[in-house]
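Here's the structure we're looking at; comments come further down.
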Amino acid sequence: MTMPSLISNYQKKVLENQFKKSYSTISQAVQFTVLESGEGLNNQFNNFDKTINGYTEAVAFKQLFYKNANVIGDIEYDKVQNYNGTQSYKTGGVDYPIPEKLMKDGTAVSATITNYKIYIVVDINGPKKRPNKYGHDIFKFYLDNRDALVPGKMSKIYTEDELKDEYWADILGEPCTIKSKQKGNGIGCAYYAFNDICPDDETKGYWECLPN
């Protein structure tokens, strides 16, 4: 095995370990938030008000969650890339957000409520360490009805022709595949990382098939 291959394998192993640690840390922060709120997070905070076209308790949820996640400050990114590096951006969309807060342990995090779900996005090694790519060190989760932290999962791979006239073309199918050039490619990768399954080849583990 060549030296570049050894280095690449080592870096992927580091990311795998950081993913496991971050999932545990964020899950714990969610549970502390549940305990402090005194009732289900979805029941209390996930309430859409048509008169203002927004979620009235979103700010309150973020404040409470960030406190329990040991957030210490705001952050900015030079850029973030999608899963296979075909697109990069400095400002994320509501469905592929860029982490906005730094936690005490160096993890970056962002919480949002949209599409009637509470979402949490995590950068497992923070903004200063590369690669800053969705599906590599940035992952998207949501809270289910029991307030459990659930990894995002791809539902379908769309071709470029299928996406041409779609309003939500950037994120349709919650992609996680080397075949997609969608801006949001990677938002559906957390499930595969959690279960160590390559989304493009089920005979391989997730981390060994990460695109460069």
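Under my numbering, the first residue of the sequence shown is numbered 5, with each subsequent residue one higher.
The beta-carbon is built from N, C-alpha and C at its ideal position, and this holds for glycine as well.
Task: Helix, strand or coil at L106 according to DSSP, with G and I counted as helix - done: strand
Open item on the list: In the DSSP output, what is G77 paired with across the bridge?
Closed with: L106
Open item on the list: Please state the DSSP three-state secondary structure of Y162.
Closed with: coil
- [ ] Quick one: residues in its chain with C-beta nearer than 6 Å to the C-beta of N21, no 5 flanking neighbours on either side, listed in chain order?
- [x] none
- [ ] Measure the C-alpha to C-alpha separation of P155 and D53 and round it to an integer number of angstroms.
- [x] 27 Å
Task: Test item: CB-CB of L146 and Y162 under 7 Å - done: The sequence given here places Tyr at residue 146; Leu does not occur at that position. No, the Cβ-Cβ distance between Y146 and Y162 is not below 7 Å.
- [ ] With V126 as the anchor, note down where its beta strand (DSSP E) starts and where it stops.
- [x] 121 to 127
TODO: Measure the C-alpha to C-alpha separation of S184 and N72 and round it to an integer number of angstroms.
DONE: 36 Å
Open item on the list: Per the DSSP calculation, A115 is bridged to which residue(s)?
Closed with: I124
Open item on the list: Using only the alpha-carbon positions, how far apart do K144 and K157 sit?
Closed with: 9 Å
Open item on the list: Once the 5 residues before and after L167 are set aside, which same chain residues still bring their CB inside 8 Å of it?
Closed with: A173, L176, Q186
TODO: Would you be able to state if there are at least three C-beta pairs under 8 Å between the segment 82 to 95 and the segment 41 to 55?
DONE: no
Open item on the list: Distance check for Y138 and V18, CA to CA, integer angstroms please.
Closed with: 16 Å
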